[in-house]
Each structure stands twice: as structure tokens, then as C-alpha cells.
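Participant:
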Amino acid sequence: MKRRFLTRIAAASLAVLMLALAGCGGGTTDTQPTDSGTTADAGKVIRTTAVFGNPFDPACAADYASYQVVVNLYDSLVYPDLDGTILKGVAEDYTISDDNLTYTFTLKDGVKFHDGTNMTAQDVVFSYDRLITIGQGNAYLFQNHVASVEAPDDKTVVITLNETFAPFLSLLCRLYIVNEDLVMANLADGNYGEYGDYGMAYLAQNDAGSGAYACSNYTMNERIVMTKFADYHGTFAENAPDTVEIINGTEAATVRTMMANGELEISDQWQTYDAYQSLAQLDGVRLESYAGGQVLYLMMNTKTAPLDDVHVRKALAYMIDYEQVYTTLFPGYFSVDNYVGNSLPGGDFSGEKYTYNMELAKQELEASKYADQLLSGEMAIEVAWVSEVPDEEKLALLLQASAAELGVNIQISKVAWATQVQNTSAVESTPNTSVCFMSADYSEAGALLYQRLHSDTAATWQQTEWLEDPDLDAMIEDALSTMDQTQRYAKYDEIQQVAIDEVYGIAVAEQGELRAYKDNIYFPAVERGVASTTLGYNFLFKDFQVLDN
């Protein structure tokens, strides 16, 4: 554990007390929040809507909104540019050993946490140990690959791998660095021995980062306000927002009213197409889209009837009118010719995907052990969709209409995102099928194949298939350890073939991520014509600009 000086402890404790009274901890900011959660004298402001699900603790983040917050509050050793290029974060430099097993990072001088204390290499070690011990969020990305993370001195971090892992630098964008002293000063009772709850209760509502923005106000399940960190080690765009407010909620009428009243600068990406068209009619509002790597999946629980039968899964794959999805239900979306979406490097696929074919759907149902029960309507198939994303219902209704032609009973259930996350933590409560958007944790096809198919992600919303297949795990692990890119991509192709043949969920379409936003906002993903496929990094607000009208 990092050496602690008494004066530092006293200063940190005082900072914690003062920040706790403000409703969000760890930040030294340029503006102060009002009691309502908005900011007074906030300068240049960007407000956007989102769906809150996972906590903002960087060891637990696992969905769009949590990543959108975490990438702004916390730093990593390296991080991805929009085009996937790996940029240096708090690492000033790094070297990789000849055997590709040892990564040595030198930290920048003078990187400060939001409470004003200096970051050291031990904070990186602590953050890694905390992530792995808690075992949530991105822990699965590292736990089978990293042998050790050490800090031989205050500026040096040495990461040693168990075996070669080709995209390791890309993966490191998910190791977010927390302030060890601040976390240790805020332990509650928990299951981690001397570490209590490892600061989980504190970091669920407070900030212990060094990122470009610091949390200045957080109202549980309502909004989070982040303000520019004056001592940030990096750079801000010339007109970067002073204050960013992320508001929980996607209800169309509320979003439109807020934008019309000048209370919202950027919409969420979960509005219906009609709602977007309505927003675009407002004065000073642009409507733009980009392919950010989000794939619309119909996920399948392969461990419960009737989706434990591959013939039923294939029948559903043939029942989807894919062309109608791209042209009518989701204008601006893109067809996918593979399992992972067209945007991810290494996603090229040499085989064939399913097409809309009701005759083949019927044949597959007749070959199923559940044929009589399904074709008579006696046995139903559940399709769950997330209430905060109303467009998802369209796919459920399309599938229901197709199935009805064959006498198959599709029952549609509407669930809140938090409920969906909870339901998919156990086989018995996981729906037969779930409509869900998903993107890669780092910019390569292997990332999404791991998230969707590897045993490590069973019991999470990312993999409702509950595969836990050691042979498939071995294929994925072998591909990710292959340093030669051509060979690695060829192995990704083989894995996709298995996933498509066995119908381990269906990649229905790639989202054209629509955003309605004020025309005085410089939106990097739109303006640069390239969007990150790593969730959250399209919203590094330090690169956004609020221009004069």
C-alpha cells in the first residue's frame, strides 16, 4: 500500500467531508452546483440524456451511460482516439518486451487527482487489484491474461502477462485509475477483509479520479454534473464545455420539451425515428448519425426451453425480415454481414448469414423437438425489450408478426434496463430472447466475440446465451493470443462461423447512432467523420466545443 503521510491523510479527510456535503466527492472544480443539481455560473454547458443502469464506480461500469461518465472522470494509461489509434493517457511513454509479455509504462510528472493529490504508480496497482478483486465490470478482460501489475517506483508501472495477448494495449483503456488514499479513507463494511467494501458504496456516488472532468453533483438515478478539472494534466479543446450534465431519462416528450426550452444540448441515442424527426424541426437543432459499432442483437437463452434447441434458434433467425429492419423500422441503420458488425477491425466474415425465409423457418421448427408445442401455439417464446429504448419494441413486434404466420406464439415483455441487468444474472430468470444493443470494449472483433461468447461473461447482460463452452473459450483465447494480425483475423472468422451456425444470438443490424443536438455544438464523431467503436469514447467532453451562436 502507498506510504501515507499524516498531513496527506488529514487533507484528504477534510476534502472528503466537504465534497460529501456537496453530494459528490473527489473533485476540485471551477463551478459549484445548485441544490437542484444544475450549475450556477456554469460557463459553457453541455447537457445530454441517457439511461442509467450500472453504477459509476470504474470497477463496475458496464453500459453506455456508465462508460460515458467514467471516461470523463477517470484516466487510464492509454486510451483510444476515435479512429482506434492508441493515445497516451497518464503514461508518458511505454515499452514492450521482445516476447510481448512485459509492458513497462512511465507516468507523466504531476498528474493530480481531483482532490489535489498526486498520482503514483501504486495507484495503478491498487486500481488493478481492486478491479480484479471486485470481479465486476471490466475485470473479465484482464483476469486470465495478467500475471502481475507492479510499481518498482512512483513513476513506473510494469505489467506482465501470462501469455501473449495481441490487443492488450487496446484493452488497457478499460483500466481506470482511482485515488488509493481517497478510496481507503472511505471504506464501509464489506466482504473484502481489511478493504471492507473496497470503497464501492463511496464510488457509487462519488469521484476518485484524475480525468478531465470532476463530479460536482450526483443525484442517484436522476443526474450527474461534471465540471472542468482546473489541474487536468491533458488538454481541452478551445471551447470545451465548462460543465457537463448527464440526465437520466429518454421519454420523448420530456426530451423534446427540454431541448425546445434550451435545457438540453444533445439527445440520447435511444429516441424513436419519429421523435428524432420532431427534434430536428426545432430551431437550431441538427440531426446527425454515425456508425459507432453498436450492434442490435436478438440474444438467446440456450439453456432453457425452447431455445435450447438449435432448430428453434435457426427458425427465429429465418423469421426476421432484415431488409425491413434497415429500411423501415430503423432508417439509417446498416446491414451486417457478420456476427460483430461492419465497423470492427477483424470483423470480415467469409460465410453466409441468415436471410428472411419463412419456408426455411417452418422446416426448422418441424425439425425441433418442440415442434408440436410451438406450431400449435401451446408453448410461447418470450421476447424482452428495454423500456427506456422504445425502438427495441419494433423488432419484437416484427418477430411476433412473422411467427404468427406459422402459428408460433411470441409473448413480448417490456422491462426496465435495471431489471434486465438483474434478470440476466441467473439462467432461470433470463428471458428466452432479449433485444439488446452492444458494442466492443475495445476496437477489435475479438473484443465483441469475447463479450458475447466467452464463459467469463455468462451471468451478465452481455451474454444471455449462457454458453460456458470450453471449446469455444479455447478458440477465442487462441485467437486473442495470436500476434500475427492476418492469422488472428482468420481465427475470428472461424469463431463467427460457429456462432452463426449455432445461432448464439442474431446480429440483426448495426446501429446508425442518431443524435439531435444544438447547432453550436462541435461533435467530434460527426465532424471528424469517424466514431470510436469502444463504448464511451465518443463522449470525451474535453474534445467537444460549445461555440458562440
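Using the numbering used here, you'd call the opening residue of the sequence shown number 810 and step up by one each time.
From the three backbone atoms N, C-alpha and C, an ideal C-beta is built for every residue, glycine too.
Here the structure is a predicted model, which is why all the values come from computation and not from measurement.
In three-state terms, what does DSSP make of THR1266?
Facilitator: helix
Participant: For LYS1327, is the beta carbon positioned less than 7 angstroms from some heavy atom of the ligand MN?
Facilitator: Among the components of this structure there are no ligands whatsoever, and the ligand MN is therefore not found.
Participant: Is it the case that the Cβ atoms of LYS964 and ALA930 are separated by a distance below 8 angstroms?
Facilitator: yes
Participant: Please state the DSSP three-state secondary structure of TRP1194.
Facilitator: strand
Participant: List, from N- to C-terminal side, the alpha helix (DSSP H) runs of 4 residues or more that fit wholly inside the segment 1095-1173.
Facilitator: 1119-1128
Participant: Per DSSP, what kind of secondary structure is SER1211 in: helix, strand or coil?
Facilitator: helix
Participant: Who are the Cβ neighbours of TYR1179 in its own chain at under 7 angstroms, not counting the five residues just before and after it?
Facilitator: ALA1114, PRO1115, ASP1118, VAL1121 and MET1188
Participant: I'd like to know whether the C-beta atoms of GLY1155 and TYR1298 end up nearer to each other than 8 angstroms.
Facilitator: yes
Participant: What is the DSSP secondary structure of PRO889, counted as helix, strand or coil?
Facilitator: strand
Participant: Would you mind sorting ALA1283 into buried or exposed? The rule is 16 or more other CB atoms within 10 Å of its CB.
Facilitator: exposed
Participant: Looking at the structure shown, is LEU1356 part of a helix, part of a strand, or coil, going by DSSP?
Facilitator: coil
Participant: For MET928, count neighbouring Cβ atoms within 10 angstroms of its own Cβ and tell me buried if that reaches 16, exposed if not.
Facilitator: buried
Participant: For the alpha helix (DSSP H) that contains GLN1182, what are its first and last residues?
Facilitator: 1180-1184
Participant: Please name the residue in LEU1184, VAL1192 and THR1137 whose C-alpha comes closest to that of TRP1106.
Facilitator: Correcting the residue identity first, residue 1106 is Tyr in this sequence and not Trp. The option with the nearest alpha carbon to TYR1106 is VAL1192.
Participant: Which of the three DSSP states, helix, strand or coil, is assigned to GLY836?
Facilitator: Its pLDDT being 48, under 50, GLY836 is placed unreliably in this model, and the coordinates cannot settle the point.
Participant: Looking at the secondary structure, which residues open and close the beta strand (DSSP E) in which GLU1319 lies?
Facilitator: It spans 1315-1327 - the beta strand (DSSP E) in which GLU1319 sits, taken as one unbroken run.
Participant: Going straight from the alpha carbon of ASP872 to that of ILE905, what length do you get?
Facilitator: 31 angstroms
Participant: Quick check on this structure: which residue in VAL1317, ASP1328, ILE1055 and LYS1327 has the alpha carbon closest to the alpha carbon of GLU1132?
Facilitator: Among VAL1317, ASP1328, ILE1055 and LYS1327, the Cα nearest to that of GLU1132 is on VAL1317.
Participant: I'd like the list of long-range same chain contacts for ALA1213, defined as Cβ closer than 8 angstroms, with 5 residues on each side in sequence excluded.
Facilitator: Residues of the same chain with a CB within less than 8 angstroms of the CB of ALA1213, apart from the 5 flanking positions on each side, are ILE1219 in chain order.
Participant: Where does GLN1090 sit, in a helix, a strand or coil, going by DSSP?
Facilitator: coil
Participant: For GLN1078, name the three-state secondary structure that DSSP assigns.
Facilitator: For GLN1078, the three-state secondary structure derived from DSSP is coil.
Participant: Mark ASP844 as exposed unless 16 or more other C-beta atoms lie within 10 angstroms of its C-beta, in which case mark it buried.
Facilitator: Model confidence at ASP844 stands at a pLDDT of 39, short of 50, so the residue's coordinates are unreliable; what they give is reported in the following sentence. With fewer than 16 Cβ atoms within 10 Å of its Cβ, ASP844 is classed as exposed.
Participant: I'd like to confirm the pairing. Which residues does DSSP put opposite GLU1054 in its beta bridges?
Facilitator: ARG856 and VAL1034
Participant: Whole angstroms is fine: what's the gap from TYR1085's alpha carbon to LEU1323's?
Facilitator: 8 angstroms
Participant: With respect to the alpha helix (DSSP H) encompassing PHE1246, which residues constitute its N-terminal and C-terminal limits?
Facilitator: From DSSP, PHE1246 is part of no alpha helix (DSSP H) but of the beta strand (DSSP E) over 1242-1247.
Participant: Confirm, please, whether the CB-CB distance from TYR1313 to LEU1262 is below 8 angstroms.
Facilitator: By the CB criterion at 8 angstroms, LEU1262 and TYR1313 fall inside the cutoff.
Participant: Is the segment 1236-1247 touching the segment 1283-1292 in the sense that three or more CB pairs, one from each, lie closer than 8 angstroms?
Facilitator: no
Participant: Going by C-alpha distance, which of PHE935, PHE865, VAL1149 and ILE943 is nearest SER957?
Facilitator: Nearest Cα to SER957 within the set PHE935, PHE865, VAL1149 and ILE943: PHE935.
Participant: Going by DSSP, name the residue or residues bridged to LEU970.
Facilitator: VAL955
Participant: Quick one: Cα of VAL1355 to Cα of TYR1331, how far?
Facilitator: 6 angstroms
Participant: Looking at the unbroken beta strand (DSSP E) that takes in TYR903, where does it start and where does it end?
Facilitator: 900-905
Participant: Across which residues does DSSP place ILE1330 in a beta bridge pair?
Facilitator: VAL1355
Participant: DSSP three-state call for LYS917: helix, strand or coil?
Facilitator: Three-state result, LYS917: coil.
Participant: Enumerate in chain order the residues of its own chain whose CB-to-CB distance from GLU1173 is below 8 angstroms, with the five nearest sequence positions on each side excluded.
Facilitator: HIS1120, VAL1121, LYS1123, ALA1124 and TYR1127
Participant: At what residues does the beta strand (DSSP E) containing ILE986 begin and finish?
Facilitator: No beta strand (DSSP E) holds ILE986; DSSP gives it neither H nor E.
Participant: For THR1228 and ASP908, I'd like the C-alpha separation in whole angstroms.
Facilitator: 45 angstroms
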